[in-house]
Amino acid sequence: SQTIHQWPATLVQPVGSPLSLECTVEGTSNPNLYWYRQAAGRGLQLLFYSVGIGQISSEVPQNLSASRPQDRQFILSSKKLLLSDSGFYLCAWSPGMGVNTEAFFGQGTRLTVV
Amino acid sequence: AQTVTQSQPEMSVQEAETVTLSCTYDTSESDYYLFWYKQPPSRQMILVIRQEAYKQQNATENRFSVNFQKAAKSFSLKISDSQLGDAAMYFCAYTSYSGGGADGLTFGKGTHLIIQP
Numbered sequence: 590s591q592t593i594h595q596w597p598a599t600l601v602q603p604v605g606s607p608l609s610l611e612c613t614v615e616g617t618s619n620p621n622l623y624w625y626r627q628a629a630g631r632g633l634q635l636l637f638y639s640v641g642i643g644q645i646s647s648e649v650p651q652n653l654s655a656s657r658p659q660d661r662q663f664i665l666s667s668k669k670l671l672l673s674d675s676g677f678y679l680c681a682w683s684p685g686m687g688v689n690t691e692a693f694f695g696q697g698t699r700l701t702v703v
Numbered sequence: 194a195q196t197v198t199q200s201q202p203e204m205s206v207q208e209a210e211t212v213t214l215s216c217t218y219d220t221s222e223s224d225y226y227l228f229w230y231k232q233p234p235s236r237q238m239i240l241v242i243r244q245e246a247y248k249q250q251n252a253t254e255n256r257f258s259v260n261f262q263k264a265a266k267s268f269s270l271k272i273s274d275s276q277l278g279d280a281a282m283y284f285c286a287y288t289s290y291s292g293g294g295a296d297g298l299t300f301g302k303g304t305h306l307i308i309q310p
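Residue numbers (our numbering), protein chains in the order written: chain A, 590 to 703; chain B, 194 to 310.
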């Protein structure tokens, strides 16, 4: 069966510090991968998605970036965090082929920038 | 751009009663998928039900069913025999078929469902 792992679960970082959140998927090949952000009291906003190694599409211009160094690994990064980067970050995957387009989510990372 | 609107920030229902959560969306696509996700206090996103736009029959999963009105671009979720474990945030989501779903989901802002014992 497929599983998705996301870490860390919580993170408190000072303004201006770097960020690295990691997500890995097991039990499937060539998944589509996604990073979403959920601000307090709001829905999920798609930040990045990837359909293959090294292929990253950005939905929202910001100081965050994403990378996919391996087929089932997706990393969210920032060189310098802003207060506005605080939020709940969710990694998700969906099958890379076929029409089963539902997304499966990780446990999420609560990021607080202080 | 596609948008998803959930007009009910919060709903409350008595245990064992039925509740309906509303969702409308805007798209120029003819083929797409719609979903309802549940987010309990643990914040884990859990798929509740999905609907393919080309299917006329409304999707049903046990106590959960949808009323899909394609012309009206409406996609409501009905929860029958509400249980305490149904208490959560519920998000309506959309993805276009043309991208094979690869370009991600567009979410509404959510409805907070409270179950009164």
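Here a beta-carbon is modelled for each residue, glycine too, at the ideal position from N, C-alpha and C.
Selection from the options that minimises the alpha carbon distance to residue i
i              : options                           : result
F257 (chain B) : B:R243, B:K248, B:Q249 and B:S267 : B:R243
A283 (chain B) : B:V197, B:T299, B:G303 and B:S223 : Reading the sequence as shown, one finds Tyr at residue 283 (chain B) and not Ala. That would be B:G303, whose Cα lies nearest to the Cα of Y283 (chain B).
T220 (chain B) : B:S205, B:T299 and B:I308         : B:T299
P202 (chain B) : A:W624, A:G632 and A:I642         : A:G632
W682 (chain A) : A:P620, A:S606 and A:D660         : A:P620
I664 (chain A) : A:S609, A:T690 and A:T599         : A:S609
Q276 (chain B) : B:E208, B:A194 and B:N255         : B:E208
Q696 (chain A) : A:R657, A:S618, A:L635 and A:C612 : A:C612
Q659 (chain A) : A:S647, A:V601, A:V614 and A:R699 : A:V614
P278 (chain B) : B:L306, B:W229 and B:A286         : According to the sequence displayed, residue 278 (chain B) carries Gly and not Pro. Taking only the C-alpha atoms, the option nearest G278 (chain B) is B:L306.
A265 (chain B) : B:S215, B:G297, B:E254 and B:I272 : B:S215
G297 (chain B) : A:T701, A:R657, A:R699 and A:S647 : A:S647
Opposing strand residues paired with residue i [DSSP bridges]
i              : result
S606 (chain A) : Note: S606 (chain A) sits in no beta bridge, so no partner.
Y247 (chain B) : Y247 (chain B) pairs with nothing; no bridge assigned.
R626 (chain A) : A:Q634 and A:Y678
G641 (chain A) : A:Q644
D219 (chain B) : B:T196
K231 (chain B) : B:I239 and B:Y283
Three-state secondary structure (DSSP) of residue i
i              : result
S291 (chain B) : helix
S654 (chain A) : strand
L672 (chain A) : helix
L277 (chain B) : helix
T617 (chain A) : coil
R256 (chain B) : coil
A286 (chain B) : strand
E203 (chain B) : strand
S269 (chain B) : strand
Q296 (chain B) : The sequence as given places Asp at residue 296 (chain B); Gln does not occur at that position. Residue state, collapsed to three classes: coil.
S666 (chain A) : strand
V703 (chain A) : coil
V649 (chain A) : coil
T698 (chain A) : strand
T304 (chain B) : strand
T211 (chain B) : coil
Q309 (chain B) : strand
Proximal residues to residue i (C-beta, below 7 Å), its chain only, five neighbours per side dropped
i              : result
S590 (chain A) : G616
P233 (chain B) : A281
Presumed contact (8 Å Cβ cut-off) between residue i and residue j, rounded CB distance
i              : j              : result
R236 (chain B) : F677 (chain A) : 6 Å
W624 (chain A) : A655 (chain A) : 6 Å
S667 (chain A) : P607 (chain A) : 6 Å
V212 (chain B) : V206 (chain B) : 4 Å
L600 (chain A) : L700 (chain A) : 5 Å
V649 (chain A) : Q634 (chain A) : 7 Å
Residues near residue i by beta carbon distance below 6 Å, same chain, minus five either side
i              : result
K231 (chain B) : I239, V241, A281 and Y283
F694 (chain A) : L679 and A681
L622 (chain A) : S639, F663 and W682
S267 (chain B) : T217
G605 (chain A) : K669
Sequence-distant residues of the same chain with beta carbon closer than 8 Å to residue i, five excluded per side
i              : result
M204 (chain B) : V212, L214, T304, H305, L306 and I307
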